[in-house]
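**Q**
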Amino acid sequence: MATNNGQTSVMAVPYRPDGCPPGLEYLSQIDQLLVQQKVELAEVILGWETNNKYIVKNSMGQQVFYVAEETDCCNRQFCGPLRSFVIHVQDNMGQEVMTLVRPLKCGSCWCPCCLQELEVQSPPGNPIGYVIQNWHPFLPKFTIQNEKKEAVLKIVGPFCACKCCNDVNFEVVSLDESTKVGRVSKQWTGMLRETFTDADNFGINFPLDLDVKVKAALFGACFLIVVVWTYHGHGCTICRSQVRGQAVVVLCVMFTLDA
1 MATNNGQTSV MAVPYRPDGC PPGLEYLSQI DQLLVQQKVE LAEVILGWET NNKYIVKNSM
61 GQQVFYVAEE TDCCNRQFCG PLRSFVIHVQ DNMGQEVMTL VRPLKCGSCW CPCCLQELEV
121 QSPPGNPIGY VIQNWHPFLP KFTIQNEKKE AVLKIVGPFC ACKCCNDVNF EVVSLDESTK
181 VGRVSKQWTG MLRETFTDAD NFGINFPLDL DVKVKAALFG ACFLIVVVWT YHGHGCTICR
241 SQVRGQAVVV LCVMFTLDA
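Quick note on numbering: the sequence shown equals residues 1 to 259 in our numbering.
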């Protein structure tokens with residue numbers, strides 16, 4: 001998987017602190033990340049769900065990571081936001097530095113027996129953190145765990161994760177939920193993009209001196225949050241499926257006029 005086409009500004013490789021997994025030294029110098037999902041033409045025209053791909057940048061717009069989802073076709077089309085996935089995170093040299101593993105979990109807010117979870121590995125095969133959903137009838141809540149499965153932080157989302165024309169914010173808080181230490185935001189990308197595609201932009205803020213393994217777990221939490229809550233959209237996918245047919249008609253008319 002190519003990570004740089006020669007035109008993208010990339011982040012320089014920083015010094016790797018002691019105890020930092022290879023490839024995560026980038027996170028030691030960062031307190032903010034922007035994750036931009038690449039728009040797939042098949043998804044825009046046909047509504048056919050494809051493997052998601054992302055570019056991860058720092059606050060200066062420099063590329064830090066390239067991210068690619070790995071799922072099979074049936075899993076994507078029929079399981080939707082509940083699907084299992086493996087997400088591969090590469091550095092700018094094409095080396096896989098992190099793997100995010102999410103099992104299939106068919107749960108609901110009224111059934112706490114099958115809650116969502118995600119394992120963060122770095123290097124691949126070596127777990128360094130976990131994201132565990134906490135049951136709540138109305139709010140999306142998660143616990144961030146370290147490699148020993150000890151709780152270190154929590155994430156609390158809004159009652160409604162579908163806010164047209166606004167960002168959707170999930171607060172990173174202390175274990176007693178009294179202190180805010182960061183934020184995961186699903187960013188509004190404009191009416192056309194939000195309507196015709198499932199492509200998302202989201203950002204994450206955390207303290208600069210936070211342990212890189214915890215930063216990696218928060219980074220992994222972004223993908224679980226986006227896929228399950230904001231991708232699902234609490235009904236917005238119905239609106240998207242209705243207008244995609246209109247998008248095909250518009251595109252066909254445009255091609256006809258050009259001809």
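Here a beta-carbon is modelled for each residue, glycine too, at the ideal position from N, C-alpha and C.
Could you check whether the stretch 95-103 touches the stretch 117-128, counting it as contact only if at least three pairs of C-beta atoms, one from each stretch, sit closer than 8 Å?
**A** yes
**Q** For Gly-61, which residues in the same chain have their Cβ closer than 7 Å to its Cβ, ignoring the five residues on either side in sequence?
**A** Ser-9
**Q** Whose C-beta lies closer than 7 Å to the C-beta of Cys-20 among residues of the same chain, with five residues either side of it excluded?
**A** Ser-28, Val-212
**Q** From Pro-124 to Asn-51, what does the alpha carbon distance come to, in whole angstroms?
**A** Their Cα atoms are separated by approximately 20 Å.
**Q** Within 10 Å of its beta-carbon, does Pro-14 have 16 or more other beta-carbons around it, so buried, or fewer, so exposed?
**A** exposed
**Q** Using three-state DSSP, classify Ile-225 as helix, strand or coil.
**A** In the three-state reduction of the DSSP assignment, Ile-225 falls in the helix class, which pools H, G and I.
**Q** Do the stretch 148-157 and the stretch 171-183 meet, that is, are 3 or more Cβ pairs less than 8 Å apart?
**A** yes
**Q** Contact check, Val-89 vs Val-67 under 8 Å by CB: the rounded distance?
**A** 5 Å
**Q** Within a Cβ cutoff of 7 Å, which residues of the same chain sit near Phe-223, ignoring the five residues on either side of it in sequence?
**A** Ile-87, Leu-100
**Q** Take Pro-137 as the anchor and find which of Pro-158, Lys-180, Val-97 has the nearest alpha-carbon.
**A** Per the C-alpha coordinates, the member of Pro-158, Lys-180, Val-97 positioned closest to Pro-137 is Pro-158.
**Q** By DSSP's criteria, Ile-155 is part of a beta bridge. Which residues make up the other side?
**A** Beta-bridge pairing links Ile-155 to Phe-142, Val-172.
**Q** Locate the beta strand (DSSP E) running through Thr-99, then write down its first and last residues.
**A** 96-102
**Q** How is Ala-68 classed by DSSP in three states: helix, strand or coil?
**A** strand
**Q** Determine the direct distance from the alpha carbon of Met-98 to that of Val-181, and round the result to whole angstroms.
**A** Looking at the backbone, the Cα of Val-181 and that of Met-98 are separated by about 23 Å.
**Q** In whole angstroms, what separates the C-alpha of Arg-183 from that of Met-11?
**A** 22 Å
**Q** Closest by CA to Gln-32, which one among Leu-210, Asp-18, Ile-225, Val-227?
**A** Leu-210
**Q** Could you tell me the distance, in whole angstroms, from the CA atom of Val-228 to the CA atom of Gly-220?
**A** 13 Å
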